[in-house]
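Residue numbers (this note's numbering): 241 to 532.
Each remark here refers to the structure printed beneath this line.
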Amino acid sequence: MLETIDRFIDYLVTQKGRSHNTCQSYRHDLKMCVAFFEANGIGSWQNVDQYAVINLIAKLKQEHRASTTINRTISSLRQLFRYLLRRHEIQLNPMDYVDHEHVAPKKPPITLSQKEIEQLFMIPDTTTTNGLRDRTLLELMYGTGMLVSELINLKRSQVHLDLQILQLQDNPHHQRIVPLGKIAGEWLKKYLETTADISSEYVFLNARGHQMTRQGVWKNFKMIVKKSGLKKDITLQTLRHTFIADLLNNGASWQVVQTLLGRESGQENYESYVHFDSQELVTIYRQCHPRA
Numbered sequence: 241m242l243e244t245i246d247r248f249i250d251y252l253v254t255q256k257g258r259s260h261n262t263c264q265s266y267r268h269d270l271k272m273c274v275a276f277f278e279a280n281g282i283g284s285w286q287n288v289d290q291y292a293v294i295n296l297i298a299k300l301k302q303e304h305r306a307s308t309t310i311n312r313t314i315s316s317l318r319q320l321f322r323y324l325l326r327r328h329e330i331q332l333n334p335m336d337y338v339d340h341e342h343v344a345p346k347k348p349p350i351t352l353s354q355k356e357i358e359q360l361f362m363i364p365d366t367t368t369t370n371g372l373r374d375r376t377l378l379e380l381m382y383g384t385g386m387l388v389s390e391l392i393n394l395k396r397s398q399v400h401l402d403l404q405i406l407q408l409q410d411n412p413h414h415q416r417i418v419p420l421g422k423i424a425g426e427w428l429k430k431y432l433e434t435t436a437d438i439s440s441e442y443v444f445l446n447a448r449g450h451q452m453t454r455q456g457v458w459k460n461f462k463m464i465v466k467k468s469g470l471k472k473d474i475t476l477q478t479l480r481h482t483f484i485a486d487l488l489n490n491g492a493s494w495q496v497v498q499t500l501l502g503r504e505s506g507q508e509n510y511e512s513y514v515h516f517d518s519q520e521l522v523t524i525y526r527q528c529h530p531r532a
């Protein structure tokens, strides 16, 4: 069953152009499903029926998993079985008899005002290398909407300060251009100059000169939030939400925001029929982002 998952993930990457993060989510969900099925005596995908899936969902509910988590698992299984059906490896799709869970309406995401942004961003001590790094990370998270995983994997070769863009490789078949605002660009330039003598291909480094980890970024961010005195429940995702909200409030369309974020899905999948060239995206970004 695990070999089938490997083939499916390879298909998503090479044929469908899915991003690394998307494929990792599929792999995580499907491996969890395999562990459950095998524990219940099911050793192949051909032997998985709707009752096995329903039992899996019941177990997830018993574990008090969120409806969104259960629905993501259902979606992962649905995609896998469609793949197997197209390859004639199964005769019936058990997911035809399984519905998604009802999800309660989401609360509006927490966002920050420009005053709160300034209050938060003033905390890192930019007279030190680590403080300069943390300020630059904050500026890039809010200025580009990039995920932490994208930032810690950002390489110096992907930074083009002269063009004010970052050149990301979402997967082997898809390159994404991320506009770099003036303020974020200035902080990034300072940080790169400060760490120029460190032999690492990665931009963001820990105190030992090694690539930063997601846990390291989160630990430092929590400390910054605490020192800021802001009372909101602020997470790393808050900066991404604020990036989205500010662009939309300043006139950018949802299609443009989706493209800037490199999303494959959201309220709708616009990428299949809406295309923006790099210059057009940069122009819209500069018109709509407060720190561009």
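Quick reminder that beta carbons are idealized off the backbone N, C-alpha and C, glycines included.
Predicted model only: the values in this text are computed from it and were never measured.
For Tyr513 and Gln495, I'd like the C-alpha separation in whole angstroms. Translated into the one-based positions of the sequence shown, residue 513 becomes position 273. Translated into the one-based positions of the sequence shown, residue 495 becomes position 255. Legend: pLDDT at Tyr513 = 30, less than 50; position of this residue unreliable, value from coordinates given subsequently. Straight-line Cα distance between these residues: approximately 10 Å.
Run through DSSP, which three-state label would Lys395 get? Looking up residue 395 in the sequence shown gives position 155. Strand, per DSSP.
Given this structure, state the Cα-to-Cα distance separating Leu296 from Thr309, to the nearest angstrom. As a working note, residue 296 is residue 56 in the sequence shown. As a working note, residue 309 is residue 69 in the sequence shown. Cα to Cα, Leu296 sits roughly 13 Å from Thr309.
Can you have a look at Gly385 and say buried or exposed, based on whether 16 or more other CB atoms are within 10 angstroms of its CB? Locating residue 385 in the sequence shown gives position 145, counting from the first residue. Buried.
Quick one: measure Cβ to Cβ for Arg454 and Ile392, integer angstroms, because I've assumed they're closer than 8 Å. Residue mapping note: residue 454 aligns to position 214 of the sequence shown, counting from 1. Residue mapping note: residue 392 aligns to position 152 of the sequence shown, counting from 1. Confirmed, Cβ separation roughly 6 Å.
Pick from Asn490, Leu252, Met452 and Leu320: whose alpha carbon is nearest that of Glu390? Stepping through the sequence shown from its first residue, residue 390 is reached at position 150. Checking every option, the nearest Cα to that of Glu390 belongs to Met452.
Where in the region 312–395 do unbroken runs of the alpha helix (DSSP H), each at least 4 residues long, occur, reported from the N-terminal end onward? DSSP runs (the alpha helix (DSSP H)) wholly in the region 312–395: 354–361, 369–384 and 388–392.
The region 373–388 / the region 430–450 touching (three or more Cβ pairs under 8 Å): yes
Count the other C-beta atoms from every protein chain shown that fall within 10 angstroms of the C-beta of Pro419, then say buried if there are 16 or more, exposed otherwise. Looking up residue 419 in the sequence shown gives position 179. With 16 or more Cβ atoms within 10 Å of its Cβ, Pro419 is classed as buried.
With a Cβ-Cβ cutoff of 8 Å, do Leu387 and Leu406 count as a contact? Taking the sequence shown and counting its residues from 1, the one referred to as residue 387 is at position 147. Taking the sequence shown and counting its residues from 1, the one referred to as residue 406 is at position 166. No, Cβ-Cβ distance for Leu387 and Leu406 is not below 8 Å.
Is Glu303 helix, strand or coil by DSSP? As a first step, residue 303 must be located in the sequence shown, where it is residue number 63. Correct three-state label for Glu303: coil.
Spatial distance of Ala492 from Lys271 (CA atoms): Reading the sequence shown from its first residue, position 252 is the one you call residue 492. Reading the sequence shown from its first residue, position 31 is the one you call residue 271. Spanning the two alpha carbons is a distance of roughly 39 Å.
Would Asn311 and Ala292 be called neighbours here (beta carbons separated by less than 8 Å)? Numbered from its first residue, the sequence shown carries residue 311 at position 71. Numbered from its first residue, the sequence shown carries residue 292 at position 52. Not in contact: Asn311 and Ala292 (Cβ atoms no closer than 8 Å).
For Leu445, three-class secondary structure by DSSP: The residue you call residue 445 lines up with position 205 of the sequence shown. Strand, per DSSP.
The region 473–485 contacting the region 348–356, beta-carbon criterion three pairs below 8 Å: yes
What is the DSSP secondary structure of Val418, reduced to helix, strand or coil? Here residue 418 refers to the residue found at position 178 of the sequence shown. Residue state, collapsed to three classes: strand.
Between the C-alpha atoms of Glu511 and Thr367, what's the straight-line distance to the nearest angstrom? Within the sequence shown, the letter at position 271 stands for residue 511. Within the sequence shown, the letter at position 127 stands for residue 367. Confidence in Glu511 is poor, its pLDDT being 37 and thus under 50, which makes the residue's placement unreliable; the coordinate value appears in the next sentence. Distance from the CA atom of Glu511 to the CA atom of Thr367, rounded to whole angstroms, is 42 Å.
Cα separation between Thr369 and Val522? For the purposes of this step, residue 369 is taken as residue 129 along the sequence shown, with counting starting at 1. For the purposes of this step, residue 522 is taken as residue 282 along the sequence shown, with counting starting at 1. In a straight line, the C-alpha of Thr369 is about 30 Å away from that of Val522.
Identify the continuous alpha helix (DSSP H) that holds Val457 and give its terminal residues. Within the sequence shown, numbered from 1, the residue matching residue 457 stands at position 217. Looking at the DSSP string, the run of the alpha helix (DSSP H) that includes Val457 is Arg454 to Ser468.
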